[in-house]
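So for the sequence shown, the numbering used here puts the first residue at 155; every next one is plus one.
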Amino acid sequence: MTQLRVRARAVDMLGRQQIAGIPTAIHELFKNAHDAYAERVEVDFYRRNRVLVLRDDGYGMTRDDVENRWLTLGTESRVHANHEKNDSWNEWRGPKNLPRRVIMGEKGIGRLAIAVIAPITILLTRACRPDGLRDLVVAVVHWGLFEQPGLDIGAIDIPVEELPGGTLPTQKDIGRLIDRVEQNLHSLEKEIEPIAFKKLCRDIELARIIGPDNLDKTLNNGRMEPLSLAGEGYGTQFILLPVAPELDDDIDGGADKESSKLERNLLGFSNTMAFDDPVIKTEFRDHSKLDVIDLIGSKNFFTSDDFLKTDQYFEGTFDEYGQFVGVVSIYGKQRDFICNWSEGKGRQPKCGAFSFRYGYIQGRPDESRLAPQDWAEMDEKTNRLGGLYIYRDGIRILPYGNSDYDWLDIEKRRNLAAKDWFFSYRRGFGYVSISHSENGALTEKAGREGFRENQAYRDFRAILINFFRQLAYEFFRRSSPQGDDFWAGKDTFAAQAALLKKQQEKADARRNEFREALKIFFEIYNKGEFESESKSILAFLEERLDHFRSELDLGDFASKARLLELEVKQKARSLYNKSVITSPKGFALTSKLQKDWASYESISKVVRESILDPLRANIDELIHEATEGKIASAERRNIALQDVEKERDSTVRELVGLRRETAEAASFMQAAVKDVLQEEFSHLRVNIEQVIDKFVKDSAENPDKIDQARYEVERRITELRSRETEFLDSFKRQMVELAEGIRSRETLDDRFAALEARNQVLEEQIEFYADFAQMGMSVGILQHEFERAARGIRVSMTELKPWADRNPPLAKIYKDLRAHIEHLDGYLKVLDPLGRRLHRSTVLVSGDEILNVVRRVFGEQLAESKISLVATDGFRSRKVECRSSALLGAFINVVDNAIYWISSRAESKREIVFDIDEHGFLISNTGPGIESRLSDRIFEFGETNKPGGRGMGLAISRETLRREGFDIELISTGLDISPIFRIKSMSEGE
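Following this line, the structure appears as structure tokens:
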């Protein structure tokens, strides 16, 4: 009897050639894990070794399952598995007896997708059944053999072995299985092309390096919940190699703002948009040369909470007739909505009923109701992952939702007319939820490239396309019947954004002027111009007076002295004006400007009291001495009176001009209000007349629809009245408030400044807390890793101490090592107050010991930078009782900063000096000086002038020292003065 024969290539055609790519193949393996009632499935890709490991904690397979189900094509075990009356409803669901799952794979060929990833598969599986754990089964499959033409499927041998209990195979065990594959390969050599045969041999040889027992230790090292088949573990694992290079492109191919192909296909495997706890947790870790990156963690995809961060939101169900019943929320205003599928003409769609949930983000932040940071977050997320996903029984169906697969032609319609069709595919996100029981007619293609385009899918797609069209028509056009909420909200947000932008631009301009004024003042102060110009003015005055005394007669002397007095006082006034900056009005100060303003007030007061006021007194005294007896008292009184009157006239003249400009501005405002009111009222009259005229025409043409026309006219007039009433009432209220504010001498600048100041504070707090939270997470990770290392260090230090006690040279090394460990722990203590710390005792620390530590830490840097580290005898002999790590940490930080600034700015002498005074240790250097206004700020968290600096070192050092009863301060300031830091005991300082 003639029978149908099957070639080995049929396996390749049904598997590798059916699957679109590696991400799709991994998705298929995830579904197999789901069907095996796994709660976790994890992938680890080792790029360097080209090895991919996929592990799950499902109920696993016995040897019989492997041979008669996994290695058998088109198995019937899953056929009709989802029918309600099938016995599989009572099937084994693992030792935890998890809730029943709908089976995703029914064709029995999905496992063949594994050949897309790599030609060699090492299968490890251990079954858990009602009667307990079974033996571990291991098999090796060379998929490359199935690609060879001319081979019968029965000619290919797949070695399978069992290992007792939870015994993991060693490298030797895998080698034994590979020997059997190679024997089979050599037996088929005559039927395989020589080049292909060499490649097949080369690929299988690579598998000899695999030792699953060692690999298991590596994968589970430090894991709280290991995925292992050893001991009491069960599940299925695949070790695949050598992985096809396409996977690298699938991972790295995404642009900065776009998702990669792997992310598009594997993110959102379980529906986290509907459930907080997914049915199965998936992970993919990329072990690159530099780092391990988790690519598909749950935090990388949309969650249910993200729907709260949308501008438009739609949720409901489509019934068996394709009618949508649900809610529509436009800018937070919710209303019920029903949408009929008119194209169906009353027939029931073949697809069945399904549910729908969708959120949409406005494309511009000034048209969104979201806070700027929320909009930015959702904008980035939708750009990468936006789309409409399909989930069957909580598991994603590919490729729906991918940003490059617009299956409802949303962008196509938008490109035709954006004003009419509104929606953009990547601005929204959401899902359609279907089930096997309700939507069984929606069947997937064998290659997992979407649904078969049968009548059910066509109806399904037509219903959703109609829904998006109706939404655009009903809510998002200017002429939409229910478009009021959208357009009112959009226009309001846009107007608010425009006003805020305008106010921000004005405030920024004023703020920049203020910043520039402060900058000029500090430049003048740091250059010593106040003092030098003051001396110059006095010298000029003395020189001219001496000249007048020797050259002029009494009559000329009086007139010349008068002119000289006016000239000198004008110079003094100009110098005084350089020290005066008007207090800020109409804008808020940033935290940096607030600190600069506080520094200015302090320094300018000193300048006035120590330089400018004495200058004025000295001028008066010199003039008085020079003119005494030469100018009559009456004339001197007249001169003084003339000066006062001149100052009065100048002030009045200036204010009269300002008053005139203010009156002109008031007149301009009054005229503007009058023009706007006339224009608005004129538009109102025209619009009302147009509405009436339309009613007259419509009622004449369609007398039977007069009631409807009258209703429309009344509605339109009501809208016009409401809009104009709101506008005019707002104008009136603004004018009244302005008048009241003027009477109470309150300006709009004061109001805006108060509001902006509050807003500025909140923005800076949010930015600070965001940065601090990010740092906190990093510190938490650091502390977690450090604690593990610290335990080992403690044990090692304890074991080392007896040796150190008996060996003096080793004791010195032990002591230094202990000091450095305590130094590190001291920093971690500051960054994480709840963290553990090593027990650190108080010891007597000498300056000589500090010097030795600093030289060991920075010896190489000091030599390369040609910087001398000098310590006085007093420093070397000075001793303090403290916990050494805090003191050493402060010295190391200050010296580290000094090395940088000396290397980058020092012009001649390059030196760091350790000294003492009656209060404590002194650290000075020959680098650039530090401005007086920064003397306290350099110790604040985040404050730095070093390019790329974090502003943490000195802040942490001060905090650490204060915890130990010490403090650090800058006692020598000025751009031309070498900085000197003092570390002192707080008890001595007091």
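Glycine included, each C-beta is placed from N, C-alpha and C at the ideal position.
In the DSSP assignment, G582 is bridged to Y514. G407 sits in coil when the DSSP states are folded into three classes, being neither helix nor strand. In this model, N1047 and E1065 are separated by some 16 angstroms (Cα to Cα). Here P366 is buried. Its C-beta has 16 or more other C-beta atoms within 10 Å. Between G320 and G248, the gap from beta carbon to beta carbon reaches 8 angstroms or more. The residue among W246, Y554 and L354 with its C-alpha nearest the C-alpha of T178 is Y554. Secondary structure note for D210: its beta strand (DSSP E) is the uninterrupted segment V205 to D210. For the segment 494 to 542, the continuous alpha helix (DSSP H) assignments of 4+ residues that do not extend past its boundaries occur at 526 to 539, in sequence order. Within the segment 460 to 497, the runs of beta strand (DSSP E) that reach at least 3 residues and sit entirely inside it are, in chain order, 466 to 472, 478 to 484 and 487 to 493.
By the criterion of at least three beta-carbon pairs nearer than 8 angstroms, the segment 504 to 514 is not in contact with the segment 374 to 390. Scanning F1068, S704, V1007 and S1022 for the CA closest to the CA of S1057 turns up S1022. A Cβ-Cβ distance of about 5 angstroms is found for the pair K435 and R194, placing them in contact under the 8 angstroms criterion.
By the Cβ rule, the segment 413 to 431 counts as touching the segment 440 to 450, because three or more pairs are nearer than 8 angstroms. The Cβ-Cβ distance between Y485 and Q502 does not fall below 8 angstroms. Relative to N338, the option among K326, C355 and Q748 whose CA is nearest is C355. Between I544 and I588, the C-beta spacing is below 8 angstroms.
At the C-beta level, A1040 and F1120 come within 8 angstroms of one another. Fewer than three pairs of CB atoms, one per stretch, sit closer than 8 angstroms, so the segment 1072 to 1084 makes no contact with the segment 721 to 728. A direct Cα-Cα distance of roughly 16 angstroms separates I393 from V335. For F392, the three-state secondary structure derived from DSSP is strand. Under the three-state reduction of DSSP, I310 is assigned to coil, being neither helix nor strand. The DSSP-derived three-state label of A428 is coil.
Cβ-Cβ distances below 7 angstroms link I176 to V270, I271, A398, E400, L401 and D404 in the same chain, with the five nearest sequence neighbours on each side left out; the list follows chain order. The beta carbon of I842 sits closer than 8 angstroms to those of I871 and L874, all from its chain and outside the five residues before and after it, given in chain order. According to DSSP, L1076 shares a beta bridge with D1069 and R1136.
The beta carbon of N1051 is closer than 8 angstroms to those of K1100, G1107 and L1108 in its chain, skipping five residues each way along the sequence. In the pairwise beta carbon analysis, the segment 574 to 586 is classified as touching the segment 617 to 630: at least three pairs are separated by under 8 angstroms. Looking at the backbone, the Cα of K504 and that of K487 are separated by about 34 angstroms. Proximity of the segment 765 to 784 to the segment 684 to 692 meets the contact definition, three or more beta-carbon pairs being nearer than 8 angstroms. Nearest in C-alpha terms to D473, of all of G500, E659 and N608, is G500. A direct Cα-to-Cα measurement between R283 and G212 gives close to 11 angstroms. In this structure the segment 801 to 813 does not touch the segment 829 to 838; the number of beta carbon pairs closer than 8 angstroms is below three. Nearest neighbour of S1086 by Cα position, chosen from L1115, T1080, N556 and I1125, turns out to be I1125. A distance below 8 angstroms separates the beta carbons of Y191 and R255. Assignment of beta-bridge partners to L317 by DSSP yields L290.
According to DSSP, residue pairing for K848 in a beta bridge does not occur.
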